[in-house]
Amino acid sequence: MKCLLIIISDPARAGLYGALALQAGVRVIQAEGALHALTFLEREQVDAIICEADMEDMDGDEFRTVVHEEVRTAGVPVFVLPDGREMVKHRHLELPALTGPEILAEVLDELGVDRAAFPVPVIRQPVTHLAGRLGVFGLAEFLSWVHEMEYSGHWLVTVEDEGGNSRCAHLLMTAGDLTYAEFAGMTGKAALFSVMRDVTLHPRASFEFVRIDTPLPVRSATLMKNTPRTLMEVAVDLDHLDAHIQGLAVS
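Take the sequence shown: its position 146, counted from the start at 1, is 171 in my numbering, and no numbers get skipped.
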């Protein structure tokens, strides 16, 4: 069985990546930081590593260099997650910012896992339970509808600019409540805020919702409220941001 080492400080993000990898038949080990991971690698063999761009004890690029300098681990691929703080500074969609499903697709391909074993949403399904363009009905309306139906499943929201550049957001619902969100290197409520803002900035947005029977045991610390309350709070934050931007324009 292939082994994946995960070094992610956000428990929900680490839990989601681990759960999806396990569904694909990959053994998962989690480390608490770069130094802990390097100590582990001295005695154990892994086949791939996912780490954050900015860890407390070392940044992702430095960690990858250290791993590849060691003979024992020179051939182990290291996938560095995008830094959400950098994405906030540079909101252009051409900058790479893969989400968990996209990164895990690359990891599982690298590990030689049969694509038939890829779980939803790591592999796109030919048939989705809900899909379309965002326009007359916005993302909040669709999220609210699925909340009322109390469905569990994965949302993949693609935001595209006029130049054809795009980014994908991954949202997780459990019995109708948003429990996880990831977009542009961010997770939780910050990711939800960012994707809902980008959807308004770039009208070429589409979505897919794939229902699942067994919910994943994942919940972001910033998404503990029900979906209507969460969406209301995000809407208020967006209004405050718009008012601030308009105030700056006037001044």
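Glycine included, C-beta positions come from ideal geometry on N, C-alpha and C.
Close Cβ partners of residue i (< 7 Å) along its chain, the five nearest in sequence each way excluded
{"i": "Asp35", "result": "Thr212"}
{"i": "Val132", "result": "Leu29, Ala73, Ile75, Phe104"}
CB contact flag (residue i, residue j, <7 Å)
{"i": "Asp186", "j": "Thr252", "result": "no"}
{"i": "Val220", "j": "Val182", "result": "yes"}
{"i": "Ala49", "j": "Ala194", "result": "no"}
{"i": "Thr124", "j": "Glu233", "result": "no"}
{"i": "Ile32", "j": "Ala62", "result": "yes"}
{"i": "Val53", "j": "Leu45", "result": "no"}
{"i": "Val92", "j": "Thr98", "result": "yes"}
{"i": "Gly178", "j": "Arg236", "result": "yes"}
{"i": "Val103", "j": "Arg89", "result": "yes"}
{"i": "Tyr205", "j": "Val171", "result": "no"}
{"i": "Val51", "j": "Leu29", "result": "yes"}
Spatial neighbours of residue i in its chain, beta-carbon cut-off 6 Å, leaving aside the 5 residues before and after
{"i": "Met83", "result": "Ala59"}
{"i": "Val96", "result": "none"}
{"i": "Leu155", "result": "Phe234"}
{"i": "Gly40", "result": "Val243"}
heavy atom of the ligand MN below 6 Å from residue i C-beta
{"i": "Asp262", "result": "With respect to small molecules bound, the structure shown includes none, and the ligand MN cannot be examined in it."}
Three-state secondary structure (DSSP) of residue i
{"i": "Met174", "result": "helix"}
{"i": "Thr124", "result": "coil"}
{"i": "His195", "result": "strand"}
{"i": "Gln48", "result": "helix"}
{"i": "Gly157", "result": "strand"}
{"i": "Asp202", "result": "strand"}
{"i": "Met211", "result": "strand"}
{"i": "His265", "result": "helix"}
{"i": "Val282", "result": "Residue 282 lies beyond the residue range present for the chain, which begins at 26 and ends at 276; the question has no answer from this structure."}
{"i": "Val259", "result": "helix"}
{"i": "Val243", "result": "coil"}
Straight-line Cα distance separating residue j from residue i
{"i": "Leu248", "j": "Pro107", "result": "21 Å"}
{"i": "Ser169", "j": "Leu241", "result": "20 Å"}
{"i": "Leu66", "j": "Ile128", "result": "22 Å"}
{"i": "Leu164", "j": "Pro126", "result": "20 Å"}
{"i": "Asp79", "j": "Ala56", "result": "15 Å"}
{"i": "Ala246", "j": "Ala37", "result": "8 Å"}
{"i": "Tyr176", "j": "Leu217", "result": "19 Å"}
{"i": "Asp86", "j": "Asp262", "result": "34 Å"}
{"i": "Ile74", "j": "Val147", "result": "17 Å"}
{"i": "Leu256", "j": "Ala130", "result": "29 Å"}
{"i": "Leu226", "j": "Tyr42", "result": "29 Å"}
{"i": "Val138", "j": "Glu94", "result": "26 Å"}
Beta-carbon proximity list for residue i, same chain, < 8 Å, skipping 5 on both sides
{"i": "Arg192", "result": "Leu118, Ala122, Thr183, Val184, Phe208, Ala209, Asp223"}
{"i": "Ser231", "result": "Ala156, Gly157, Arg158, Leu159, Val182, Thr183, Glu185"}
{"i": "Leu266", "result": "Arg222"}
Bridge partner(s) assigned by DSSP for residue i
{"i": "Gln70", "result": "Per DSSP, none; premise fails for Gln70."}
{"i": "Phe143", "result": "Bridge partners of Phe143: none, in fact."}
{"i": "Ser231", "result": "Arg158, Thr183"}
Any C-beta of chain D under 7 Å from that of residue i
{"i": "Leu63", "result": "Absence of chain D from the displayed structure is noted, only one protein chain being present."}
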